[in-house]
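Quick note on the working numbering: the sequence shown kicks off at 5 and runs consecutively. Where is the CB? At the ideal position from N, CA and C, for every residue including glycine. Note that the structure is a prediction, hence the values are computed from the model and not measured. Step one of this worksheet: look at the structure below.
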Amino acid sequence: MLELVKKYRKEKKRLGFILDIAWRKWKFNEIAINSMKRMLEKGQDPIIIPFSGNRNSRTLIRVLYETLERMKSCEREIYIVHVQQQDFILSYNIPSLFDKMKSIFNNDKIHFHIINNQENFYIKLIGQGVPAPNSSFWWCGQENKIKPMVGFFNKFSKYVIVSSSTGGKRNEVHPINNAKVYKPFNAFNDSEVWELFLTNTLWGDDIGDVYELYETYYKTDSPLNINEEPIEYKDGCGTLEFDSSFSCWFCTHSAKYKTLENYYTKNEWIRPLITFNKSLKEIMMKSKIDELNMQRGYTKKGEKIVDDRKEFNSAESGTIKYEIRRIMFNKLLETEREINSIRLNQGLSRIQIISNETKEIIEKHISTPLIKVIQTVEEAAGLQLSLF
């Protein structure tokens, strides 16, 4: 009899825990859906949802779908926009994911856009020889993420940005064109967003892969074991809340790319990326870049840093030397070959680190290189280089 009583109490406790989880998930889901519904019913301006592929942005799209299913009709145009990056751990399957979402939404008011950034990180770094980003010369976020998205924003005179980020005010004014920003998840903490995220979708979103990526970043048995996100993630990379993921795998600004190194423990094909990332930093340290020429024009006037240099046009001054760029390019191509060799042995499909078009552009730049630095302006993320 005593054993039966113990078993009953244990089972009751287990069921109570399960019911509590189900209740919490339902509650947070209802809060998010009602918040989204109020926003959709207020005004007629088009809605733009930046989509990075991270946990929050995927959760937001699911909430959007469930909200639209409950509404009788929604006349607002909704644009779900992704800037294609070399950050393929989250981005490489987004084209196929968008195709599935489009078929499930089946709504001519919902538009899916992928912006293919023609001036990407490697074209600037290896092709044009722009020095890799560092704490005082940080151009990658501006050029790779912000500028392409702002270009899309500029197609509209009025619009509302729906952000999947947490914290801050629910209704804000964005610094770009004074656009309105709406945050359905602003009142949720990290664990509450996890409960929203861990829900199956009709388009078969691969929750497991995203969960595993976060799991390796948190360095815990489960991301659900902690109360808040690491400070590195909250700070992000200064992309003005365009829902950027963790630092890009090729990042030279981060002291250590934790996600990539931890992810390797479960995915052997990541190893060549780690090796390349380290060699890239070593090359940048060893190569004799004329940093004095890049920075000597910066003078402090009061509290503001300005550029007093005259416009100059040089194929070598202030850029990575051609022979170094050729070494970097060859290492990048070799890294891609190593990755696919490992993946094929594991029965996985081939992937591209950079597109064939990007390779051709880099090859053309290295063969006939020329860079013109016209002015350096102060931005929120640091000094940004204007290039053409």
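Backbone CA spacing between residue 192 and residue 170 [nearest angstrom]: Here the alpha carbon of residue 192 sits roughly 6 Å from the alpha carbon of residue 170.
Smallest Cα separation from residue 88: which of 77, 333, 332 and 121? Check the Cα spacing between residue 88 and each of 77, 333, 332 and 121: the tightest is with 121.
To the nearest angstrom, report how far apart residue 44 and residue 208 are at their CA atoms. Within the model, the alpha-carbon separation for residue 44 versus residue 208 is close to 25 Å.
With a 10 Å radius around its C-beta and 16 neighbouring C-beta atoms as the bar for buried, classify residue 75 as buried or exposed. By the neighbour-count rule (16 or more Cβ atoms within 10 Å), residue 75 is not buried but exposed.
Sorted by chain position, which residues of the same chain lie with C-beta nearer than 6 Å to residue 98's C-beta, five sequence neighbours on each side aside? So the list reads 57 and 86, once near-sequence residues are dropped.
First through last residue of the alpha helix (DSSP H) which encompasses residue 335: Its alpha helix (DSSP H) spans residues 326–349.
Check the C-beta distance from residue 362 over to residue 118 and give it rounded, since I have them as a contact under 8 Å. Going by Cβ atoms, the distance from residue 362 to residue 118 rounds to 15 Å, so no, they are not a contact pair.
To the nearest angstrom, how far is the alpha carbon of residue 33 from that of residue 42? Taking the straight line joining both Cα atoms gives about 14 Å.
Output the boundary residues of the alpha helix (DSSP H) element that contains residue 150. Taken as a continuous stretch (DSSP letters only), residue 150 belongs to no alpha helix (DSSP H), as it is neither H nor E.
May I ask which residues mark the beginning and end of the beta strand (DSSP E) holding residue 67? No beta strand (DSSP E) holds residue 67; the alpha helix (DSSP H) holding it covers 59–74.
Are residue 50 and residue 70 touching if we call contact CB-CB under 7 Å? The beta carbons of residue 50 and residue 70 sit no closer together than 7 Å.
Residue environment, residue 112, which counts as buried when at least 16 other CB atoms sit within 10 Å: The residue in question, residue 112, is exposed, as its Cβ has fewer than 16 Cβ neighbours within 10 Å.
Within the chosen definition, does the stretch 337–346 reach the stretch 143–150 through at least 3 CB pairs nearer than 8 Å? Short answer: they don't touch.
Check whether residue 333 and residue 287 have beta carbons under 7 Å apart: In this structure, residue 287 does not lie closer than 7 Å to residue 333 by Cβ.
Provide the residue(s) that pair with residue 132 in DSSP beta bridges, ordered along the chain. Note: residue 132 is not bridge-paired with any residue in the DSSP secondary-structure output.
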